[in-house]
Every structure is written in structure tokens, then in C-alpha cells.
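So the numbering used here is basically just the index in the sequence shown, starting at one, shifted up by 35. One structure below.
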Amino acid sequence: MKRRILLALVGALFLFGLVDFLFPQPPAEHAPVPAFLGNASLLNNPHDSVRVSAGSHYQISKVGAFFLGKHYRDVWAVPVKAKVFHMKEFQGGLLIEKLGGGMQTTSLTLTDTLGRRFALRSLDKDPISVLPPFWRKTFVGAFVRDQISATNPYAALVVAPLAEAAGIFHPSPQLVYVLPADQSFKQYSNLFGNKLFLLEEKFSTKTSLTEKFGAASDLVSSEEMLQQRFGSSRHRIDQWAFARARLLDLLISDWDRHEGQWDWAVYAQENEFWYKPVPKDRDQALCRYDDGLIPWLATRKFAARKFESFHEEFKDVFGLTINAAFLDARALSEVSLVDFRRLAREMQLALSDSVLREAVRQMPPSVYDLVGEDTFQKLRSRRQLLVQTAEEYYKILAKEVAVVGSDEPERFVVQRLSQGRTVVEVFRLGKGNMNGAKLYSRTFFASETERINLYGLKGHDIFDLKGSAAKGSYVYLYGGAGQDQVTDKSTVEGWRKKTVVIDDVRGVQVQAGPITKTQLSEAAVDVPSFARVRNRE
Numbered sequence: 036m037k038r039r040i041l042l043a044l045v046g047a048l049f050l051f052g053l054v055d056f057l058f059p060q061p062p063a064e065h066a067p068v069p070a071f072l073g074n075a076s077l078l079n080n081p082h083d084s085v086r087v088s089a090g091s092h093y094q095i096s097k098v099g100a101f102f103l104g105k106h107y108r109d110v111w112a113v114p115v116k117a118k119v120f121h122m123k124e125f126q127g128g129l130l131i132e133k134l135g136g137g138m139q140t141t142s143l144t145l146t147d148t149l150g151r152r153f154a155l156r157s158l159d160k161d162p163i164s165v166l167p168p169f170w171r172k173t174f175v176g177a178f179v180r181d182q183i184s185a186t187n188p189y190a191a192l193v194v195a196p197l198a199e200a201a202g203i204f205h206p207s208p209q210l211v212y213v214l215p216a217d218q219s220f221k222q223y224s225n226l227f228g229n230k231l232f233l234l235e236e237k238f239s240t241k242t243s244l245t246e247k248f249g250a251a252s253d254l255v256s257s258e259e260m261l262q263q264r265f266g267s268s269r270h271r272i273d274q275w276a277f278a279r280a281r282l283l284d285l286l287i288s289d290w291d292r293h294e295g296q297w298d299w300a301v302y303a304q305e306n307e308f309w310y311k312p313v314p315k316d317r318d319q320a321l322c323r324y325d326d327g328l329i330p331w332l333a334t335r336k337f338a339a340r341k342f343e344s345f346h347e348e349f350k351d352v353f354g355l356t357i358n359a360a361f362l363d364a365r366a367l368s369e370v371s372l373v374d375f376r377r378l379a380r381e382m383q384l385a386l387s388d389s390v391l392r393e394a395v396r397q398m399p400p401s402v403y404d405l406v407g408e409d410t411f412q413k414l415r416s417r418r419q420l421l422v423q424t425a426e427e428y429y430k431i432l433a434k435e436v437a438v439v440g441s442d443e444p445e446r447f448v449v450q451r452l453s454q455g456r457t458v459v460e461v462f463r464l465g466k467g468n469m470n471g472a473k474l475y476s477r478t479f480f481a482s483e484t485e486r487i488n489l490y491g492l493k494g495h496d497i498f499d500l501k502g503s504a505a506k507g508s509y510v511y512l513y514g515g516a517g518q519d520q521v522t523d524k525s526t527v528e529g530w531r532k533k534t535v536v537i538d539d540v541r542g543v544q545v546q547a548g549p550i551t552k553t554q555l556s557e558a559a560v561d562v563p564s565f566a567r568v569r570n571r572e
């Protein structure tokens, strides 16, 4: 069956080559010249506006739309009103810090006189660099470029008020237009002239802290946050704040939430440092991918299922989590099913109909006329399904869970109890190996969690397992660097060894029990780098 579908996809792609040949798209540089509004003295009046479309080049024939999807082509083509951006006058004047953008977006990081950073990010994108060079000049490259039309270029304007109502940190983007050959952009004027952009704050350093962050002492990247978290047990992630933010991601169908899409506000609290998430980059919210033959085939579960579309119902919750799996595993391991249900209900109450309506109204009026009511109805429907979606999300996360210590010494306590329960607690170790502060606590159920991975990292860690049960999850112990101690007094009925110790033979002392299996190596055991990030911008 899958082979037949793949053959159909290849055939459809070939046919798209013919469609592209018969119905070529006008290139982006041939976009209509914008109509200027207001004062005719454009260069001197910061209040001048233009009316221009974000991407009229995405307009194609009905035949092309059948194969490639209707998407948001009408939204890209409709003229919208935007303020002209004057770099030297905004916030007292901005300076160019660096050219940014990843594989798709053209962006600049700008700074004001106080050192605060702003991101100027293009609405239109070019994802061609995701392809190998051979394919970039073929119909496959044209197809990939064309699928930017599946994104709503104004989605970020909708997300900001939703995040505000839900109690989630967020930037506040503004729609702006850059004049052709604006000399304040210097060597980048050819890249940025005659285009629409979103301008928003970058919450990446302490200079960007505002009143909304309260007592926060700093803003850091995911890379720095993870290095601190796994370097010392005194650095903690606010996992429940992250869970709330991730539920909003699901609501708006924002599938692209990898670790490069987050910054973190730092709070000092009782000799510890807590990190709260600050989401950014909402390019993939509210996307429509599956309304054309070729993208429908391409986004099936056997193919690129992460490209989930925004519907009234949640079609594939797992697909929405694929890009965030790295960070989810590190920042959601303590959040229970009860927590997810509570957070989902709180979000349902916070995002009332009036909040949803006001959020959708942030789109330009001409865009709202096209998709505003449809977007509102879909958000409303998805909100009603949020609790059951949170439950499904939890079950995805619960199948295999990583409980990670730090490079300091900790004690991992595992208790096997009746009804398939396994309680895992982690304590900071004090003098004489006495338990200090409790760092982690969660009850796992064998019906939900097949495997629990405990990682000691570099500290001299102690693993204590006890209790008897008829059934229970597998527990894998990775001692890591340092001299570790494992005592397994637990039992689980059956012939399977449910405790597996993986370590360097010189770095661990094991008191094995009836369900203990050891995998000891003469060489250092390769433990995942939990602080590694890919920084995909």
C-alpha cells in the first residue's frame, strides 16, 4: 500500500513539473509596486504607510492549486496596510548588529541605544537551502518554494494576544514595510528593500528585560539554560510553565518548536535558579498543508508527518511534537497527567470566545475578511478539545521518560509499588551522603510508561531501588562519569530483568537483586549529551 502511495507521489511530482511549466509563477521580484498612503514625504515622515501584498507571486492557476494546494495564496496576494519602517527613528534609532535568519528567513538583529535587541524578519521566505544542491533548480525546488504559501504570514499577530491571555511570555510583533533601496540598511539594502517584515523584541539578554518579566535577573538561550541545568542541581526548569506554553503550541498547530525557538527568563529563588520559557518565531502557526494532492501525500504519517495542518480537530498530535521532542524530553519529564489536565482546563478558561475573537482581529482587516471567521471557529473548536489533546500529548511523552540528574552528586530513589506504579525521586546529596533537597518526584504507571531512563551524569551518584510489584516499568540506570553506587532490592514478578545497569565497570559498585541486569563496559559508556542543542533558527 505504502509503495503505491509513494509511486503516486513521484508521479504527482512529475506532473507538477508539467504544471509548473504550463502555469509558471511570477518571481518574487516582480511583485506589484506598493501604493503609498499619507504624507508624500516618505523618507522624513515615520507615520507614512503603504498598501502592498506579502506575496502575490504565490498566485497560481486552479489546476496548479489542485495539485499544490489552495493554502493561504489569497492571503499572501491581498494588499494590506503597513507602516513604513524608519530604522533611524524607531525607538530613538536602531543600529544593525548582524544579519541573521536560518535556512528560510531573511532577518536582521537590530539594537537600540540601551542595548535592547529587535528582530526584523521577512514575511516571505526561501526554504530552498533545505534541499541538496542537485534538487534546488528542479521542479522539486520550485515545489518547496511554493509551499511557503501554506503558512499564514500574519499568524504571529494572532498568537501574541493568545499568549498574553494564557500567561505565557511572548514578543509583540509589528507589521512594517521597508522602502526600496533604504540606505540605512547599508550593504543589506538589496535584501530588505520593498518587502514586508515583522518587527519584534528579541528576549535574549538581560538588557531586554521589561516589567512583564518581574524579578527576572537574565534572559538566556536554550543552550545556556541546558548547560546550567545539567551542570548543577541548583538550576531548575519550570516544567509546568513550559507545559502551558506547549499546550498553546498545540492549540495553534505550531509544529516547529525546536530548541532554537525558545529563550528563557532566569529567576533566583532560595539559592536556586529557575528558568521560565519565552517562545519566539511563530512562522508555522495556523498552517494549511494538506489541501492539495501533492502536499497531502507528502504530509502523510509515512512521510513528512510533522507538517501538521490547522484544522478544527487535532489530526495528528504526535506529528505536532516531532520537532520539539529534544526539548520536551528534557523539560517535561516531571509533569503528570493531572498537571496536563489542569493546565489545559486553565487555558480553556483563559482563552474565552472574546479573547479568541480579539486575537484574530489583529490580522490586517483585508486578511480578516478572507480567513478571520474561519480561523476563529477553528481556534474555538480546538480549545474545546484541548483537555483530551493534552491527555494524548502526555501519553506520547510518557512512553519513555528520561530522569536526569546533574554533574553534581544526587541520590535516585526508585520504589516499585502495587498496580504497576513506580515512584522515582531525586535528592541533592549532602555531607555523609545524607539526602538534601528533593529535586524530582513522579509516579509512573506501567500501563503508560514502558521504560524509565535514569541518568546520573558526572556526579558520584547513588541509586537505591526497593519494593515489590506484580508488574512495573523497565528502569535503565546510566551512571555516567564518577563513582556510582547501585543497590537493587526491588522485585517484579515474571522472568524479565526490569532493572538494567549501564556503566563503566570501574565507575560503579552494584549490589544486584533478582531483577538486576548489568551491562558494564571496560570503556567509558556513551551517555547522551543532554545540554547539546542544534540551534536551528
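Glycine is no exception: its CB is placed at the ideal position from the N, C-alpha and C atoms. Because the structure is a prediction, the values reported are computed rather than measured.
Judging by CA-CA distance, which residue of S476, G150, F480, K160 is the nearest neighbour of H92? The residue from S476, G150, F480, K160 with its alpha-carbon nearest to that of H92 is K160.
If you measure between the beta carbons of A117 and Y212, is that distance less than 7 Å? Contact flag set, yes.
Name the DSSP bridge partner or partners of D523? In the DSSP output, where bridge partners are listed per residue, D523 has L500.
Just to confirm the assignment, what range does the beta strand (DSSP E) spanning F120 have? In the DSSP assignment, F120 falls outside any beta strand (DSSP E) and carries neither an H nor an E.
Within 10 Å of its beta-carbon, does K434 have 16 or more other beta-carbons around it, so buried, or fewer, so exposed? Exposed, since its Cβ has fewer than 16 Cβ neighbours within 10 Å.
Excluding the 5 residues preceding and the 5 following R418 in the sequence, name in chain order all residues of the same chain whose CB lies nearer than 8 Å to its CB. Excluding sequence neighbours, R418 sits near L286, M382, Q383, L386, L391.
For G135, which three-state DSSP category applies? Three-state DSSP puts G135 in a strand.
On the premise that F462 lies in contact with N468, defined as a C-beta separation below 8 Å, what is that separation, rounded to the nearest angstrom? Between N468 and F462 a beta carbon distance of about 10 Å is seen, past the 8 Å cut, so the two are scored as non-contacting.
I'd like the list of long-range same chain contacts for N229, defined as Cβ closer than 6 Å, with 5 residues on each side in sequence excluded. The answer, listed in chain order, is P215.
How would you write the range of the alpha helix (DSSP H) that K552 sits in, first residue to last? It is not in any alpha helix (DSSP H) - K552 instead sits in the beta strand (DSSP E) that spans 551-556.
Enclosing beta strand (DSSP E) for Y475 [first to last residue]: Start and end: 470-480.
Please determine, among D289, V119, E294, the residue with the shortest C-alpha to C-alpha distance to F227. Answer by Cα proximity: V119.
So D519 packs on L500, CB below 8 Å; how close in whole Å? Incorrect: roughly 13 Å between the Cβ atoms, too far for contact.
R180 to L134, Cα distance in whole Å? Approximately 22 Å between the Cα atoms of the pair.
For K315, the three-state DSSP class (helix, strand or coil): Looking at K315 - three-state DSSP - the assignment turns out to be coil, as it is neither helix nor strand.
Beta bridge counterpart(s) of S574 as assigned by DSSP: This structure leaves residue 574 out entirely; the chain is present only between 36 and 572.
Near G515, what residues of its chain come up, given a Cβ to Cβ distance below 7 Å and the 5 sequence neighbours on each side ignored? Excluding positions up to five away in sequence, the list reads Y490, G491, L492, K493, V562.
Assigned secondary structure, Q454 (DSSP; H/G/I helix, E/B strand, else coil): In this structure, Q454 counts as coil in the three-state DSSP scheme.
Residues sharing a beta bridge with V436, DSSP: Answer is I487, bridged to V436.
What are the partner residues of L384, as DSSP defines its beta bridges? L384 pairs with nothing; no bridge assigned.
Under 7 Å Cβ to Cβ from K341, same chain only, skipping five residues before and after it: list those, please. Excluding positions up to five away in sequence, the list reads W290, G354, I357, N358.
With a CB to CB cut of under 6 Å and the five nearest residues on each side skipped, what residues in its chain are close to G104? When the five nearest sequence neighbours on each side are left out, the beta carbons in the same chain lying within less than 6 Å of the beta carbon of G104 are those of D326, G327, P330, in order along the chain.
On the criterion of 16 or more Cβ atoms from any shown chain inside 10 Å, does D284 qualify as buried, or is it exposed? Taking every protein chain shown into account, the CB of D284 has 16 or more other CB atoms within 10 angstroms, so this residue is buried.
With hydrogens ignored, establish whether the beta-carbon of R323 is closer than 6 Å to any heavy atom of the ligand SAM. No copy of the ligand SAM appears in this structure; indeed no ligand is present at all.
Pop quiz: L251 and L158 are said to be a contact at Cβ under 8 Å. What is the actual Cβ separation, rounded to whole angstroms? First, the amino acid is wrong: residue 251 is Ala here, not Leu. Not quite, the Cβ-Cβ distance comes to about 30 Å (not below 8 Å), so this is no contact.
Is the beta carbon of G502 less than 7 Å from the beta carbon of R451? Yes; because the gap between Cβ atoms is below 7 Å, this pair is in contact.
Classification of K466 by the beta-carbon crowding that lies within 10 angstroms, buried from 16 upward: Exposed, by the Cβ-count rule.
Contact belief for L372 with Y429 at Cβ below 8 Å, rounded distance in angstroms: Indeed, because the Cβ distance is near 5 Å, the residues count as touching under 8 Å.
Does DSSP classify E199 as helix, strand or coil? Look at E199 here: in three-state DSSP terms it is helix.
Given this structure, state the Cα-to-Cα distance separating E443 from E235, to the nearest angstrom. Each residue's alpha carbon lies about 39 Å from the other.
Going by DSSP in three states, Q94 sits in which element: helix, strand or coil? Three-state result, Q94: coil.
Starting from F153, follow the beta strand (DSSP E) in both directions and report where the run begins and ends. Counting along the chain, the beta strand (DSSP E) containing F153 begins and ends at 152-157.
Which one or two residues does DSSP pair with Q546 in a beta bridge? Q546 is bridged to T522.
Counting C-beta neighbours from all protein chains within 10 Å, is the total for N187 16 or more, i.e. buried, or is it exposed? Note on N187: 16 or more other CB atoms within 10 angstroms of its CB, so buried under the neighbour-count rule.
Using the C-alpha atoms, what's the distance from L432 back to P67? Confidence is the limiting factor: at P67 the pLDDT is only 46, short of 50, which leaves the residue's position unreliable, though a coordinate-based value still follows. Counting only the Cα atoms, L432 lies some 47 Å from P67.
Exposure of A75, with buried meaning 16 or more beta-carbon neighbours within 10 Å: Residue placement at A75 is poorly supported in this model, since its pLDDT is 33, which falls under 50; the coordinates are not used for a value here.
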